[in-house]
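Engineer: Let me begin by handing over the structure; questions about it come next.
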Ligand SMILES: CC(C)(COP(=O)(O)OP(=O)(O)OC[C@H]1O[C@@H](n2cnc3c(N)ncnc32)[C@H](O)[C@@H]1OP(=O)(O)O)[C@@H](O)C(=O)NCCC(=O)NCCS
């Protein structure tokens, strides 16, 4: 499957996990039209967000790859921003809109992203996460990432600098396919 040609992947969320949720979510590839929505989410989720200017540069980069889960109205629930170079991908940001958190969106998006990258020939995905960000570290660990390093005093300003934990995951074909298949239905056009 050509990653650049993927526009939309639809699936039904597991009703047992979110019984009140609407039925249909879609996976979209992020493009320039989504910059403003991502800038808004970044500002609402991060102390040091990607600014609108930084997002414009990032989205214009040939290395950029991004995905989002959107609801039936097209509103972004969860998103991931990455740089992909050769057979490696770096997660630059990942977030779920506050009202949509704790419904499994980030883990579903992350597992699907890993599967798509694996299909595109990416062998390894990695990221930095602030040591105190335990929800994010738990998310990544739950999606099969492991800690592979540490950057001392990487985030923030003195005297409250925080270490960055480097987490990574090898993209293994069989495992990816199983994780992607769990709890989602792929639309016919991209199956
Ligand atoms: C981290 C974040 C992306 C998780 O998004 P989410 O859609 O709520 O995550 P999910 O519902 O898919 O949860 C997946 C796992 O993450 C972990 N997790 C999520 N929220 C958590 C919380 N508040 N406390 C502890 N663990 C949490 C859990 O392990 C959870 O698995 P479980 O439901 O089986 O316990 C979201 O909290 C967020 O946007 N945070 C602010 C931005 C941020 O820190 N991004 C990460 C940058 S590296």
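Residue numbers (this note's numbering): 628 to 818. Where a beta carbon is used, it is the ideal one built from N, C-alpha and C, also for glycine. Since this is a predicted model, take the numbers as computed values, not measurements.
1) Where does the unbroken beta strand (DSSP E) through residue 715 begin, and where does it stop?
2) So does residue 730 have its beta carbon nearer than 8 Å to some heavy atom of ligand 1?
3) Rounded to whole angstroms, what's the CA-CA distance from residue 669 to residue 677? Just pull it up for me.
4) To the nearest angstrom, report how far apart residue 727 and residue 766 are at their CA atoms.
5) Taking the runs of the alpha helix (DSSP H) that are 4 residues or longer, which of them lie wholly in the segment 677-746?
6) Output the distance between the C-alpha atoms of residue 642 and residue 722, rounded to the nearest integer angstrom.
7) Once you ignore the five residues that flank residue 649 on each side, which residues in its own chain have a CB closer than 8 Å to its CB?
8) Below 9 Å between beta carbons: does that hold for residue 684 and residue 710?
9) Hey, could you find the ends of the beta strand (DSSP E) residue 839 is sitting in?
10) Does the Cβ of residue 678 lie closer than 8 Å to at least one heavy atom of ligand 1?
11) Roughly how many angstroms lie between the CA atoms of residue 720 and residue 674, to the nearest whole one?
12) Taking the CB atoms as reference points, tell me whether residue 724 and residue 672 lie closer together than 9 Å.
13) Quick check on this structure: which residue in 741, 746, 730, 784 has the alpha carbon closest to the alpha carbon of residue 754?
Structural biologist: Answer, in terms of the structure:
1) Here the beta strand (DSSP E) through residue 715 covers 715-723.
2) Correct: residue 730 has its Cβ closer than 8 Å to ligand 1.
3) Going from the Cα of residue 669 to the Cα of residue 677 covers about 6 Å.
4) Residue 727 and residue 766: Cα-Cα distance of roughly 15 Å.
5) The qualifying runs are 679-687, 732-746.
6) Residue confidence for residue 642 is low, a pLDDT of 45 falling below 50, so the modelled location carries little weight and cannot support an answer.
7) Its pLDDT being 48, under 50, residue 649 is placed unreliably by the model, and the measurement read from it follows with that caveat. Cβ neighbours of residue 649 beyond the five flanking positions: 698, 699.
8) For residue 684 and residue 710, no; Cβs fall outside 9 Å.
9) No statement about residue 839 is possible, as the shown extent of the chain runs from 628 to 818 and does not include it.
10) No, since every heavy atom of ligand 1 falls outside the 8 Å radius drawn around the Cβ of residue 678.
11) Take the alpha-carbon of residue 720 and the one of residue 674: they are about 12 Å apart.
12) Contact annotation: residue 724 and residue 672 have beta-carbon atoms nearer than 9 Å.
13) Nearest C-alpha to residue 754: 741.
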